[in-house]
Amino acid sequence: MSETSTVKLKIDGHEVVAPVGEKVIEAAKRIGVDVPFFCYHPRLSMEDGGANCRMCLVEVASPRKNPDGSVSMAKFPKPQTACSLPVSEGMEIWTETESLIKDRRGILEFLLINHPLDCPICDRGGECPLQNNTIHYGPPTTRFIEEKRHFPKAYPLSNHVVFDRERCIHCARCTRFTTDISGDSQLNFLYRGADMEVSTFDESDFSSRFSGNVIELCPVGALLSRNYRFKARPWDLMTQKSICTQCSNGCNIKVDYRVGNLQRVNARENDAVNEEWTCDAGKFGMDYVSSDDRITKPLIRKGNTFVESTWDEANALISAKIAEAGGKIGGIGGSRSSNEDLFMFQKFFREVLGVNNIDHRMGPYFGSTHNGPLARFGGARMNNSIADLETMKTIFVFGSNLVDEQPILFLRVRKTWRNNGCSIVEAVPSDTAADQPNHVKEFASVSMRYAPGTEVALILGLINVMNAEKLIGTDVLASSNFASIEAEVKNWTPEATVHETGLTVDAIHRAARLLATEKCAVIVGNEVTNHPQMEAVLNALGNLVVLTGNSDNLSVPVTTNNGQGAIDLGILPDAGPGYIKLEANGLNTGEMLSAAASGALKMLWVVGADPVAEFHDTVLVENAFENCEFAVVHAWNMNKTAQMANVILPVNTVVEKDGTFTNVEGRVQRFYKAFEISPEIHAEWVIFQELASRMGVHMPYFSSRDIIAEIASNVPGYENCGLNDLGDTGVRRTVPAYAVANDKVVVVEYKGSELAVK
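Numbering-wise (the working numbering), the sequence shown opens with residue 39 and increments by one.
Structure below.
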């Protein structure tokens, strides 16, 4: 902090240096002084909730210039709320005077007037700020003898959240969250005075995708988890740090467990990723860990049924089938596996089996790793970090139902729009579901609904406007080889683009002007990555970012848990770990399934995936498994693919092992073993190691630590990702030097429904 941006003050006699404008409550934390509060939260606005509870009162004095020119300290006549008072030069603060303790006792007595005082049956007991502050500051008895107000108990706000109105202290944390953070504004105050209560509009369902956050924000037991209610007490639980596996964002979480059973999931703070938020899919979607349908022993198909076996029997059968297959084997999946499992997966196939038939992609696009847009703009699929989005002037969300595909990116995009004035431009096909509530459209400056299949025409139309209005610098036009695409761009006037896409001239002009800035990020979604001509669309977007000076800001984020790790660590038929080219390419997912369906591939091995449910062509997957002689599936429950296997191998979930994941922005993060369901369930890397040993290849790994150490030593881009480097917040792996963004445009022609790239 520079001298010009800081002030000096004293808190309880200790000198503090704090940034200008920082609230006293935050300045106090710098010296370890915790001022009690209920309504305050550093990520929530002060509107409609700041200083509601009055619990954070402090006594204040500040310098005053006297008539004679001298300076003396003038004490404020009344205590001030530390959550709303900004620091100033020379200020003196007292946080624990006798007068303040008396004030806090009175505030607590007031808050407890209508509180039911049902701590023995409240799930918040043991971790309740109201309970803690009452014990520390509160009165021993109450003077209130009138009847307390009563409401129906445990009102179900949604499938996940239950509401006890009697316990609510009107701190407005939950209402501010739905306005400030999630943006759905589904909770607010109804009525006034003694009748005031939190509610949804017209008592409708609380359908927010981020509803679980209000449970953690609530400082009392008013908002509780329906899943966790009456399951445990905080002092019964053990807690372990982990990473959410429900999407690619890599949210930091804490898993609470008891006697080998997962009880609940709470957010863990990481400003670089999820700050302290989770989506409901992550918070409430991990019940599979301790579900009754977990597979705990290897299963071998006998006719139409599966029979439990030993690992020795299962490994012997698999080894024999590998020998029979003679190299006609394909490995599919891995995007839900850890980095250590992925590394061993490809190592086993390439070094033990001697085949490169390995892939994790489930969509219709299987382009080359070393050609096309991925090579053109680097091996990193998301070139911006999540935090980088807050520095942008404009964000272009293209072909993405962002709130469902990338929920934490959605929150970050909305945050930079709300707090920093960032302009949001959105473009999605007119047949998507992105018009539903809580989507980007609600706050986008320009929201375009184009005719499906006209993506390239739209992008060329935007470039046309930028060129015509001289929004592209002359130096960029010269250095980017714009002349090679100028003739095609000139064909796509706003009128021609409107005719093709179904948009309006005004929308195209406004979008082009907003996008023509050097601080513009482009986020691409599933409508592009699942597009029949994904390469053409990405190259067109590549031209857009090059011409606006944003070559490093095109992001094509993966959507599956460790999909980025699967790319980086070589779960690809044409690239090994670190995007290293192979001497001979193998088959991609679609080719493996086609070969299995025709009988050309004798064996399929599925790891960390469910192709029957996830692959874009379900019929092809079913034909492949029906005609393949032998199939091995790693699974923790009997999913659709496991039902078609010959051998099912039980594998650990994220809470049963140590390891790392690489999230959507390329951040490598650790997760830790919390408990063990059964000693018969193995980590996937252990399975491959044991089979390799059976086949005469020794792989001397004793733990996941050994594997991540080898990854850090040998995989380009992961040099700074050893366990000693990661800490609690992870480290973004680097992009190998041979995979960097370039600043040249390429020719992309649009021919009606046919897209072609020259």
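A virtual CB, placed ideally from N, CA and C, is assigned to each residue, including glycine. Given the structure is predicted, the values throughout are model-derived calculations rather than measurements.
Runs of the alpha helix (DSSP H) lying entirely within the region 470–531 and spanning at least 4 residues, in chain order: 493–506, 512–517 and 521–529. Looking at the backbone, the Cα of V543 and that of S485 are separated by about 13 Å.
Residue nearest to V463 within the set D442, K431, N476 and N457 is K431 (criterion: CA-CA distance). In this structure, G401 lies away from E573, with their beta-carbon atoms at least 7 Å apart. For S242, no alpha helix (DSSP H) encloses it, and the DSSP letter there is neither H nor E. Going by DSSP, Y295 is part of no alpha helix (DSSP H) but of the beta strand (DSSP E) stretching over N290 to R296. P177 and K453 have their alpha carbons spaced roughly 41 Å apart. Here the C-alpha atom of S249 lies approximately 49 Å from the C-alpha atom of R732. A distance below 7 Å between beta-carbons, with the five flanking residues on each side excluded, links G392 to the following residues of its chain, in chain order: G365. Partner residues in the beta bridge of R708, as assigned by DSSP, are T698. F387 sits in a helix when the DSSP states are folded into three classes.
In this structure M324 is buried. Its beta-carbon is surrounded by 16 or more other beta-carbon atoms within 10 angstroms. The C-alpha of D648 is placed about 8 Å away from the C-alpha of G371.
DSSP places A232 in no beta strand (DSSP E); its state is neither H nor E. Our two residues, S246 and S220, have alpha carbons roughly 8 Å apart in a direct line. Across the structure, E235 and Y229 are spaced so that their CA atoms are roughly 7 Å apart.
When DSSP states are grouped into helix, strand and coil, E346 belongs to the strand group. E97: member of the beta strand (DSSP E) spanning L95 to K103, first to last residue. Taking the C-beta atoms as reference points, T679 is found nearer than 7 Å to V644.
Non-local C-beta neighbours of S423 in its own chain, meaning closer than 6 Å and more than five positions away in sequence, comprise E703, ordered along the chain. Taking 3 residues as the shortest admissible run, the region 157–225 contains the following complete beta strand (DSSP E) segments, listed from N- to C-terminal end: 199–201.
Straight-line measurement puts the Cα of F448 at about 8 Å from the Cα of V478.
By the criterion of a C-beta distance shorter than 6 Å, G163 is surrounded in its chain by C157, once the five residues flanking it on both sides are discounted.
Only residues of its own chain outside the window of five on either side were considered, and among them none has a CB closer than 6 Å to the CB of E389. Shortest Cα-Cα distance from D744 to any of M382, D766, T179 and H153 involves M382. Annotation for S742: E378, D696 and G697 place their beta carbon closer than 6 Å to its own, counting only its chain and skipping 5 residues before and after. Residue burial is scored here from C-beta neighbours: W273 has fewer than 16 other C-beta atoms within 10 angstroms and is therefore classed as exposed.
Contact between the region 286–302 and the region 337–353 is absent: fewer than three C-beta pairs spanning the two stretches fall below 8 Å.
The residue among I49, Y403, T691 and F709 with its C-alpha nearest the C-alpha of H654 is Y403. For A465, the uninterrupted beta strand (DSSP E) run begins and ends at S461 to P467, by DSSP. DSSP, read as helix, strand or coil, puts W674 in coil. Looking at the backbone, the Cα of E748 and that of Q384 are separated by about 14 Å. Under the three-pair Cβ rule at 8 Å, the region 720–728 does not count as touching the region 606–616. A Cβ-Cβ separation of about 31 Å leaves H79 out of contact with R181 under the 8 Å criterion. Under DSSP, C558 takes part in a beta bridge, and its partners are T432. The Cβ neighbour count for M111, taken over all protein chains shown within 10 Å, is under 16; the residue is labelled exposed.
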